[in-house]
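A.B. asks: This is the structure, below, for whatever I ask next.
Number of protein chains: 2
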Amino acid sequence: MAVYFDHNATTPLHEKIFEAMQPYMGSVCGNPSSLHRFGRLQRQAIEQAREQVAALMGAQSSQVIFTSGGTEANNLMVKGLSMDTAVQRIAVSAIEHMSLLQPAAEVGCNVDQIAVDGQGLVTQESLKQAINKETVLVSVMAANNETGAVQDINKLAEEVRAHDIWFHTDASQIAGKLEFSFEKTAVHAMTLSSHKLYGPMGAGALIVDKCLPMHSLLQGGSQEKGLRAGTENVPAIVGFGMAAELAAQELIERADHVRVLRDALEKELMQLGVVKVFSQQVRRLPNTLQFGVQGFDGETLLMELDRRGFAVSSGSACTSGKTEPSHVLKAMAVPNQLATSAIRVSLGRANTMAEIERFIEAMKQIIGLSNSAVMMAANL
Amino acid sequence: MAVYFDHNATTPLHEKIFEAMQPYMGSVCGNPSSLHRFGRLQRQAIEQAREQVAALMGAQSSQVIFTSGGTEANNLMVKGLSMDTAVQRIAVSAIEHMSLLQPAAEVGCNVDQIAVDGQGLVTQESLKQAINKETVLVSVMAANNETGAVQDINKLAEEVRAHDIWFHTDASQIAGKLEFSFEKTAVHAMTLSSHKLYGPMGAGALIVDKCLPMHSLLQGGSQEKGLRAGTENVPAIVGFGMAAELAAQELIERADHVRVLRDALEKELMQLGVVKVFSQQVRRLPNTLQFGVQGFDGETLLMELDRRGFAVSSGSACTSGKTEPSHVLKAMAVPNQLATSAIRVSLGRANTMAEIERFIEAMKQIIGLSNSAVMMAANL
Chain C
1 MAVYFDHNAT TPLHEKIFEA MQPYMGSVCG NPSSLHRFGR LQRQAIEQAR EQVAALMGAQ
61 SSQVIFTSGG TEANNLMVKG LSMDTAVQRI AVSAIEHMSL LQPAAEVGCN VDQIAVDGQG
121 LVTQESLKQA INKETVLVSV MAANNETGAV QDINKLAEEV RAHDIWFHTD ASQIAGKLEF
181 SFEKTAVHAM TLSSHKLYGP MGAGALIVDK CLPMHSLLQG GSQEKGLRAG TENVPAIVGF
241 GMAAELAAQE LIERADHVRV LRDALEKELM QLGVVKVFSQ QVRRLPNTLQ FGVQGFDGET
301 LLMELDRRGF AVSSGSACTS GKTEPSHVLK AMAVPNQLAT SAIRVSLGRA NTMAEIERFI
361 EAMKQIIGLS NSAVMMAANL
Chain Y
1001 MAVYFDHNAT TPLHEKIFEA MQPYMGSVCG NPSSLHRFGR LQRQAIEQAR EQVAALMGAQ
1061 SSQVIFTSGG TEANNLMVKG LSMDTAVQRI AVSAIEHMSL LQPAAEVGCN VDQIAVDGQG
1121 LVTQESLKQA INKETVLVSV MAANNETGAV QDINKLAEEV RAHDIWFHTD ASQIAGKLEF
1181 SFEKTAVHAM TLSSHKLYGP MGAGALIVDK CLPMHSLLQG GSQEKGLRAG TENVPAIVGF
1241 GMAAELAAQE LIERADHVRV LRDALEKELM QLGVVKVFSQ QVRRLPNTLQ FGVQGFDGET
1301 LLMELDRRGF AVSSGSACTS GKTEPSHVLK AMAVPNQLAT SAIRVSLGRA NTMAEIERFI
1361 EAMKQIIGLS NSAVMMAANL
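The listed protein sequences correspond, in order, to chains C and Y.
Numbered by my numbering, the letters in the first sequence go through residues 1 to 380 in order.
Numbered by my numbering, the letters in the second sequence go through residues 1001 to 1380 in order.
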């Protein structure tokens, strides 16, 4: 049986969530914009999901704008904010997901990068350096998809608010893994992705304070308060809602489960001598462990692990295929050779200690082949 | 049992399509961008769906760009075409879906409207009048969602190509209902929507000739050749592929089935004396019948039919809720009072002659109440 250790890339659909979606893929049919009973049932299902997502994140349901996923939510945030690009600027952390960095680079305004320290954290000093009077938007992700490093969003939001700047946080990775609240952190906008918390693909959300001047990216319909045209993906939205409800119920239990496994894995890996764990000194997502293996190539390690039945990532899934070190590790000033040896293990609710033990054995085997093909590949 | 007569708004998910999707909502999990075996299985599933969609539409699979739906595909076409908006123009038919018209209005270039005749057809003369040397893109939908009127896309494409202009057609409504080919019509780009042909919500496509200079709307990932960033909605794409395959297999059978029902319905309605069928003189989708009922209000009729268990539309679902006559009927110069009385019946594979007969009875009942609340509401 292959072992799935790549939950930050995507999670398997939770069986209860599939059950919740099933009626909307069979007996219940209709376009939510239709006025008849079929349409009204679909509309109700969407509104219930909106409540569920809002409840998980400590937001009001009226603040939830459903999108096709986290990438669209990040694009909507950056490109949908009404601004005067000739004079206004945005500031984004250097370790944001590409779906935030690339739209920022293309929106037409000046973009300032917020540096992170060697542990991957944005400090108040680096934040202050990156903003000025022209800054209208700051975006710092709540937890990083690669290292799992958790930012102190409360403190950063306070600083940003003091300067009358909008503050957005990509909460795709933290949602459902640690407690995190829209209201308590006092951010203005927040990105979520359904398939990162055992929900279906094809749904995400931008939670957005009503005071933000936003316009839609996709036009041609009044769905989602005019901020997202297009027939709503009802089954996916229903699943996203159920995913949020279950995540709220099981939050602590899930975190405890993966933390025990992750800590055991980390301890064992450290004993191998050649492993360096990233963001080890700071608060991290309980399911995430990213590490470099001195003298090895991450992609080769990944394929060797795959051959042995373990699915891990060598970086962010969205940029895999490229041989460059990840921009996250680069921003943390990790030396190139160590950064390109990176492996990310991201655990989930169904993983077991037996799987961790088998993984350690596999790692030992691979690393033991120090004069073999793996080592050679690393030196090419 | 309520009767669903609103298949142009959305179709119920075909049971075989649900079966095809199910593994991707359970045992098979992974991000298609991941390099490990889980990711590769997802990637393969997407590529198979691409072949299936291409096969239905007579296109090459490499021309298929998956999106979250038809609205996104139309937005991608209009806003993703690289053009010099200061000098270049686009021409769109007056009866396009809002997801084409609104992006066109916002893209920043001049937009010329292509008039339609009283039957809702774009003529070669009206096309010629709307284009000039600055025109870079023409968009005319293959079949209209309201009237069902089918354009002669071959002839229009020939004219457009003769002027070295890109030609896009929104084929969301014709796909799976009548034979229609990307290659044979010689269009440059084509929009499709999965949930209009018994596939799941959350998937669509822009089929696009490689010579078109396109850029993405959603950035931050290299998915779909860099033209659509974001984790692919694998189950929806798999379902879309199966929907295309089944539509190809059952095309004639489905068309024949609904045509018999639609023709019977039309004949009966005409005998009521107060009914006017739109686009009656031209080739229409076999499942679609839009008609006005003299002296009645369409929305009131819709609600009266809903009360009696029939789900129909009073216009395009995406713009329902507004009291204005539809822009389609307006463009056809249908008098306002008749246009606001419009009802659209759009049939599907599970509808029966018994349902048609019950519908006729209901219509007679409602229309018979000529001095009642319905009539009064119409006069308000």
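Using N, Cα and C, we set each Cβ at its ideal position, and we do this for glycine too.
Give the straight-line distance between the Cα atoms of H1014(Y) and A1247(Y), rounded to the nearest whole angstrom.
C.D. replies: Distance between the alpha carbons of H1014(Y) and A1247(Y): 10 Å.
A.B. asks: Note down, in chain order, each residue of its chain lying with its Cβ closer than 6 Å to the Cβ of M1242(Y), except the 5 sequence neighbours on either side.
C.D. replies: Counting only Cβ-Cβ distances below 6 Å, and skipping sequence neighbours, we find I1017 and A1020.
A.B. asks: Taking just the CA atoms, how far does L265(C) sit from S314(C)?
C.D. replies: Going from the Cα of S314(C) to the Cα of L265(C) covers about 17 Å.
A.B. asks: Is there at least one Cβ from chain Y nearer than 7 Å to C384(C)'s Cβ?
C.D. replies: No statement about residue 384(C) is possible, as the shown extent of chain C runs from 1 to 380 and does not include it.
A.B. asks: Find out if the Cβ-Cβ distance for the pair A1236(Y), G1202(Y) is shorter than 7 Å.
C.D. replies: Yes, they are a contact pair.
A.B. asks: Could you list which residues in chain C have their beta carbon closer than 7 Å to that of L1037(Y), in chain order?
C.D. replies: Sequence check: residue 1037(Y) is Arg here, not Leu. A2, D306 and A311, listed in chain order.
A.B. asks: Helix, strand or coil, according to DSSP, for L100(C) in the structure here?
C.D. replies: Looking at L100(C) - three-state DSSP - the assignment turns out to be helix.
A.B. asks: Expressed to the nearest angstrom, what Euclidean distance is found between the alpha-carbon atoms of M190(C) and T1231(Y)?
C.D. replies: Distance between the alpha carbons of M190(C) and T1231(Y) is about 18 Å.
A.B. asks: Who are the near neighbours of N1371(Y) in its chain, counting only those whose CB is closer than 7 Å to its CB and skipping five residues on each side?
C.D. replies: Bear in mind that a pLDDT of 42 at N1371(Y), under 50, signals an unreliable position, so the number given afterwards is only what the model happens to contain. Nothing listed; no residue qualifies.
A.B. asks: Where does Q1271(Y) land, buried or exposed, given buried means 16+ other C-beta within 10 angstroms?
C.D. replies: Exposed is the call here.
A.B. asks: Ignoring anything shorter than 3 residues, give me the beta strand (DSSP E) runs that lie fully in the segment 167 to 250 of chain C, in order along the chain.
C.D. replies: As far as the segment 167 to 250 of chain C is concerned, its whole beta strand (DSSP E) runs of at least 3 residues are 189 to 193 and 204 to 208.
A.B. asks: Looking at C-alpha atoms only, which residue of L347(C), V122(C) and N336(C) is the closest neighbour of N8(C)?
C.D. replies: Comparing Cα-Cα distances from N8(C) to each of L347(C), V122(C) and N336(C), the minimum goes to L347(C).
A.B. asks: Report yes or no: is there a C-beta of chain D within less than 7 Å of the C-beta of S34(C)?
C.D. replies: The structure shown contains no chain D; its protein chains are C and Y.
A.B. asks: Just to confirm my understanding: we take D6(C), look at its own chain, exclude 5 residues before and 5 after, and list those with CB closer than 7 Å. What are they?
C.D. replies: So the qualifying residues of the chain are A311, V312, S313 and S346.
A.B. asks: Which residue wins for smallest C-alpha separation from S341(C), given the options I356(C), P325(C) and N233(C)?
C.D. replies: Checked all of I356(C), P325(C) and N233(C); the closest Cα to S341(C) is P325(C).
A.B. asks: So with CB distances below 8 Å, who are the chain C contacts of D1297(Y)?
C.D. replies: Chain C residues near D1297(Y): none, gap ~13 Å exceeds 8 Å.
A.B. asks: Quick check on H62(C): buried or exposed, where buried means 16 or more other Cβ atoms within 10 Å of its Cβ?
C.D. replies: In the sequence on display, residue 62(C) carries Ser and not His. Looking at its Cβ environment, which holds fewer than 16 other Cβ atoms inside 10 Å, S62(C) is exposed.
A.B. asks: Run through the segment 1296 to 1348 of chain Y for me and flag every whole alpha helix (DSSP H) of 4 or more residues, listed as ranges in chain order.
C.D. replies: Within the segment 1296 to 1348 of chain Y, the complete alpha helix (DSSP H) runs of at least 4 residues are 1298 to 1307, 1327 to 1331 and 1336 to 1339.
A.B. asks: Tell me which same chain residues have a C-beta within less than 8 Å of the C-beta of T135(C), skipping the five on either side of it?
C.D. replies: Taken in chain order, the residues that qualify are Q88, R89, I90, A91, D112, H163 and I165.
A.B. asks: Anything in chain C within Cβ reach of M1098(Y), meaning under 7 Å, just list it in chain order.
C.D. replies: Here the neighbours are G220 and G221.
A.B. asks: Could you work out which residue in I131(C), A333(C), S82(C) and I343(C) is closest to P213(C) when comparing CA atoms only?
C.D. replies: That would be S82(C), whose Cα lies nearest to the Cα of P213(C).
A.B. asks: Could you say which of G292(C), T147(C), V238(C) and L217(C) lies nearest to Q44(C) if we only look at CA atoms?
C.D. replies: Ranking G292(C), T147(C), V238(C) and L217(C) by Cα distance to Q44(C) puts V238(C) first.
A.B. asks: Of the choices R1161(Y), L1121(Y) and A1149(Y), whose alpha-carbon is the least far from that of K1133(Y)?
C.D. replies: Nearest option by C-alpha distance: R1161(Y).
A.B. asks: According to DSSP, what are the bridge partners of N1110(Y)?
C.D. replies: Per DSSP, R1089(Y).
A.B. asks: Keeping to the same chain, check which residues put their C-beta closer than 6 Å to that of I1153(Y); ignore five residues upstream and five downstream.
C.D. replies: Cβ neighbours of I1153(Y) beyond the five flanking positions: A1142, T1169 and T1185.
A.B. asks: Roughly how many angstroms separate the alpha carbons of V1274(Y) and G1368(Y), rounded to a whole number?
C.D. replies: C-alpha separation (whole angstroms): 11 Å.
A.B. asks: Does the CB of S1326(Y) have a neighbour CB from chain C at under 7 Å?
C.D. replies: So no, S1326(Y) is outside the interface.
A.B. asks: Exposed or buried, which one is H1215(Y) when buried takes at least 16 other CB atoms within 10 Å?
C.D. replies: It is exposed - the Cβ of H1215(Y) has fewer than 16 other Cβ atoms within 10 Å.
A.B. asks: In three-state DSSP terms, what is Q1151(Y)?
C.D. replies: Coil at Q1151(Y), not helix or strand.
A.B. asks: Relative to the C-alpha of I1343(Y), which candidate in F1296(Y), N1351(Y), M1353(Y) and L1217(Y) has its C-alpha closest?
C.D. replies: For the residues F1296(Y), N1351(Y), M1353(Y) and L1217(Y), the minimum Cα distance to I1343(Y) belongs to F1296(Y).
A.B. asks: Please state if the CB of L1206(Y) and the CB of M970(Y) are separated by a distance shorter than 7 Å.
C.D. replies: What the structure shows of chain Y is the stretch from 1001 to 1380, and residue 970(Y) is not part of that stretch, so it cannot be assessed.
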